[in-house]
Amino acid sequence: MKSDLSGFYELTVEERLNKIKKMCSLTNEETEAIGKTGCLSLISSDRMIENVIGTLELPIGIATNFIVNGRDVLIPMAIEEPSVVAGASNAAKLTRPTGFTAKSTEPLMIGQIQLMDAPPGTKEKIYAAKDKIINIANGKDSTLVKLGGGMKNLEVRELPSPRGKITIVHIIVNVQDAMGANAVNTMCECIAPFLEELTGARAVLKIISNLAIYHLAKAEAIWKKEVIGEDIIERILDAYALAQVDPFRCATHNKGIMNGVDAVMIVTGNDFRAAEAGAHAFASINGYKPLTSYTKNNNGDLVGKIEIPMGVGIVGGAINSNPIAKIALKILGIKHANELGEIAACVGLANNFAALRAIVKEGIQRGHMKLHANNIALAAGANHEEAPKVTQEMLKENKISVAYASEILNKLRSKKN
Ligand code: NAD
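To convert, note that position 63 of the sequence shown is 63 in the working numbering; the numbers rise steadily by one, no gaps.
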């Protein structure tokens with residue numbers, strides 16, 4: 001089989017799918033399954049990315065019980081992993097009636113222009129031309145400027161590198177309700193020729209930074225000792241201490257946070273890779289650290305906090321092309337991107353708390369395995385009629401494995417025949 005499919009992009013979706021069907025020996029059912037759509041049509045998909053042959057669905061669950069800044073909010077989450085929606089809902093329930101408090105910074109994103117071979121005095125020249133640079137950048141996005149956004153400031157940094165000194169110009173752009181990557185990239189590209197002319201340096205990269213240190217969301221919640229128990233609080237603090245000192249644990253600690261954040265990003269049509277990159281880079285600024293923190297207050301209650309970069313949008317990108325994204329925003333009942341970022345931060349904190357509580361209490365597998373057992377049954381080849389019976393038997397025997405699922409399945413089928 002060859003993968004250099006010249007002209008593939010020029011085919012219709014149907015033609016592409018037929019080609020892949022033949023090349024990969026897909027059955028009619030498989031071809032139909034991958035080409036089938038939900039509410040994201042093939043026409044829309046074909047306009048969103050390249051070489052489209054189908055769409056992928058994910059379960060959407062609603063996280064309940066959240067109160068964010070005094071408002072009850074239902075939170076749609078798109079995710080394939082069991083227990084994440086339940087974990088968030090349960091953690092939120094335990095914060096009621098107060099719920100979460102959350103806030104965010106101004107939506108300021110950073111764009112980078114890399115200058116090489118910069119002559120002495122470059123930094124000073126750039127700072128002196130700040131107003132002119134802002135004018136050039138803002139001339140590229142009158143919509144954003146009319147809304148109160150646009151380029152606001154700049155910073156110049158210098159770093160040694162294996163290729164010599166690099167001068168980096170950061171443009172600081174208020175992106176309002178957009179994630180801002182396209183807006184910022186366009187500005188970087190239009191400023192670069194001016195910077196070359198101004199300084200005599202050579203411009204190389206012109207692109208947004210996902211390390212959004214000026215665009216942060218913060219959230220906080222209190223889990224009372226009467227509600228979760230003093231012993232659990234001590235154990236959660238122990239578990240948090242490990243994440244503070246050990247990157248092996250910290251990676252998993254932060255992954256648990258991103259379970260919730262990504263699920264909100266995906267359902268709202270946001271770029272979850274950008275959220276991931278931003279979160280982990282932010283966590284690494286002073287050595288890799290947890291994105292959440294836990295302390296005990298004077299009452300002995302557990303105070304959980306999160307601070308996380310939040311380059312999210314409610315306009316732009318894929319948000320307009322994907323009907324689900326708009327419906328999710330309607331369910332969330334939000335008007336501005338900062339509210340979405342704050343809610344996502346609350347979900348991240350809730351999922352982190354839920355995971356810690358489960359791990360220190362009974363271990364994560366007990367609750368997890370119920371839904372996971374169904375996946376195992378399917379992996380063993382059970383159809384949707386057989387899967388519940390196989391799952392039930394595995395749970396009853398507390399033996400959850402593909403091998404045991406196959407054994408049960410064989411017995412079931414031999415009884416039938
Ligand atoms: P966009 O360009 O589609 O939309 C932003 C534009 O919408 C603004 O520039 C503005 O002109 C207009 N707008 C209208 N109403 C607005 C409002 N209320 N607030 C703000 N702007 C408003 O999208 P974007 O947000 O600039 O870029 C997001 C996309 O860029 C995502 O799809 C992302 O995947 C992609 N991307 C990401 C990276 C990265 O993260 N490194 C790089 C390249 C592209």
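We put the CB at the ideal spot given by N, CA and C, even for glycine.
Are there any heavy atoms of ligand 1 lying less than 6 Å away from the beta-carbon of Ile208, as far as the coordinates show?
With a threshold of 6 Å, the Cβ atom of Ile208 counts as near ligand 1, since some heavy atom of the ligand is closer than that.
Where do the ends of the alpha helix (DSSP H) carrying Phe194 lie?
Run containing Phe194: 181–199, per the alpha helix (DSSP H) assignment.
For the beta strand (DSSP E) that contains Gly150, what are its first and last residues?
Unbroken beta strand (DSSP E) run through Gly150: 150–159.
Below 8 Å on the Cβ atoms is my guess for Pro309 versus Leu211; work out the distance and round it to an integer in Å.
7 Å between Cβ atoms; contact.
If we count the other Cβ atoms within 10 Å of its Cβ and call it buried at 16 or more, is Cys250 buried or exposed?
It counts as buried.
Does the structure place the segment 190–205 close enough to the segment 106–116 that three or more beta carbon pairs sit under 8 Å?
Yes, they touch.
Can you give me the C-alpha to C-alpha distance between Lys335 and Ser104, rounded to a whole angstrom?
So the alpha carbons of these two residues sit roughly 15 Å apart.
Ile168 vs Arg157 beta-carbon contact at 7 Å:
Yes, the pair counts as a contact, with Cβ atoms nearer than the cut-off.
Looking only at C-alpha atoms, which of Ala325, Thr295, Met258 sits nearest to Gly278?
The shortest C-alpha to C-alpha distance from Gly278 to any of Ala325, Thr295, Met258 is the one to Met258.
Thinking just about the alpha-carbon of each residue, which of Glu307, Thr64, Ile34 is nearest to the one in Ala275?
It is Glu307 whose Cα lies nearest to the Cα of Ala275.
What's the gap between the Cα of Lys152 and the Cα of Leu108?
The alpha-carbon atoms of Lys152 and Leu108 are separated by roughly 9 Å.
Supposed contact pair Glu57 and Gly38 - C-beta distance, whole angstroms, cut 8 Å
Contact flag correct, Cβ pair sits at about 5 Å.
Hey, is the segment 312–330 in contact with the segment 188–199, meaning 3+ C-beta pairs nearer than 8 Å?
Verdict: no, contact absent.
Looking at the structure shown, is Leu17 part of a helix, part of a strand, or coil, going by DSSP?
Note: Leu17 maps to helix in three-state DSSP.
Collapsed DSSP secondary structure at Tyr419 in the structure displayed
Nothing about residue 419 can be reported from this structure: the residues present for the chain run from 1 to 417 only.
Under a three-way DSSP split, which group does Thr55 fall into?
DSSP places Thr55 outside both helix and strand once states are collapsed to three, so it counts as coil.
Which residue from Asn398, Leu412, Lys396 puts its Cα closest to that of Glu386?
Nearest option by C-alpha distance: Leu412.
Would the C-beta of Asp271 count as close to ligand 1, meaning under 6 Å from any of its heavy atoms?
Yes, Cβ of Asp271 sits closer than 6 Å to a heavy atom of ligand 1.
If you run the structure through DSSP and keep just helix, strand and coil, what is Glu307?
Assigned with DSSP and collapsed to three states, Glu307 falls in strand.
If you scan the segment 211–268 from start to end, which runs of the alpha helix (DSSP H) of 4 or more residues do you find wholly inside it?
Listed in chain order, they are 225–228, 230–245, 247–267.
Beta-bridge partners of Val169, as assigned by DSSP:
Note: Val169 sits in a beta bridge opposite Ile113, Val156.
Please classify Arg71: is it buried, with 16 or more other beta-carbons within 10 angstroms of its beta-carbon, or exposed?
Flag for Arg71 reads exposed.
Tell me whether Ala137 sits in a helix, a strand or coil according to DSSP, three-state version.
Residue state, collapsed to three classes: helix.
Would you say Asn182 touches ligand 1, meaning its beta carbon is less than 6 Å from a heavy atom?
Checking every heavy atom of ligand 1 against the Cβ of Asn182, one is found closer than 6 Å.
Close beta carbons around His372, own chain, < 6 Å, minus the five adjacent residues each side
Cβ neighbours of His372 beyond the five flanking positions: Pro82.
beta-carbon Asp141 near ligand 1 non-hydrogen atom, thresh 6 Å
The answer is yes for Asp141.
Any chance the CB of Gln176 is under 6 Å from a heavy atom of ligand 1?
Checking the Cβ of Gln176 against ligand 1 gives yes.
With H, G and I counted as helix, E and B as strand and the rest as coil, what does DSSP make of Arg273?
In this structure, DSSP gives Arg273 a helical state, which the three-state scheme calls helix.
3 or more residues per run - each beta strand (DSSP E) lying fully within the segment 81–106:
Entirely contained in the segment 81–106, the beta strand (DSSP E) runs reaching 3 residues are, in chain order, 101–104.
Roughly how far, in whole angstroms, is the beta-carbon of Ala92 from the beta-carbon of Ile266, given that I think they are within contact range, below 8 Å?
Contact between Ala92 and Ile266 fails: their C-beta atoms lie close to 19 Å from each other, not under 8 Å.
Three-state class that DSSP yields for Thr31 in the structure shown:
Note: Thr31 maps to helix in three-state DSSP.
Which first and last residues belong to the beta strand (DSSP E) in which Arg357 is found?
From DSSP, Arg357 is part of no beta strand (DSSP E) but of the alpha helix (DSSP H) over 337–361.
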